[in-house]
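For reference, the structure discussed in these notes is given below.
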Amino acid sequence: MTHYGKALLITAMFALTACQSASKTDSHAAATQAPENDQCGASQYQHYVGQPLKALDNQRFAVPVRAIPWNGAATMDFNLRRLNFLGDQSGKIDKVYCG
């Protein structure tokens, strides 16, 4: 292999390693968020993960809340003071986060 071929191969390897995506965070990541990212108090509601979205029906919260069912429509506005409960395909809460 020529010098040019080796350099091209090494450059390609570096380019591919730079393209690796970050690992997916788990649903409990909100519990370890920095305080400025937890303005809605999502870390206090992580115990809802795994419960049905209907568990929120009779609850009262001090901040704005939205329950987003699987494949449900939600506005794309970002509000760190709003508590979000994201449902999965089975109707259970998969993630609790601010936004």
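Start counting the sequence shown at 4; every next residue gets the next number (the numbering used here).
Beta carbons are placed, not taken as given, at the ideal position from N, Cα and C, and that holds for glycine.
In chain order, what residues of the same chain have a beta carbon less than 6 Å from the beta carbon of residue i, not counting five sequence neighbours either side?
i: P67; result: R85
i: Y48; result: V99
i: M79; result: none
Around the C-beta of residue i, are 16 or more other C-beta atoms found within 10 angstroms, so that it is buried, or is it exposed?
i: K57; result: exposed
i: G102; result: buried
Quick test of your reading: residue i and residue j, contact by CB under 8 Å. State the CB separation rounded to the nearest angstrom.
i: A70; j: G53; result: The Cβ separation is near 15 Å, so there is no contact.
i: Q42; j: W73; result: Rounded, the Cβ-Cβ distance is 26 Å, inconsistent with contact.
Is residue i near the ligand SAM - that is, is its Cβ less than 7 Å away from at least one heavy atom of it?
i: V99; result: Absence of the ligand SAM is noted for the structure shown, with no ligands found whatsoever.
- Item | Secondary structure, beta strand (DSSP E): runs of 3+ residues fully inside the segment 39-100 | Correct list: 68-71 and 86-90.
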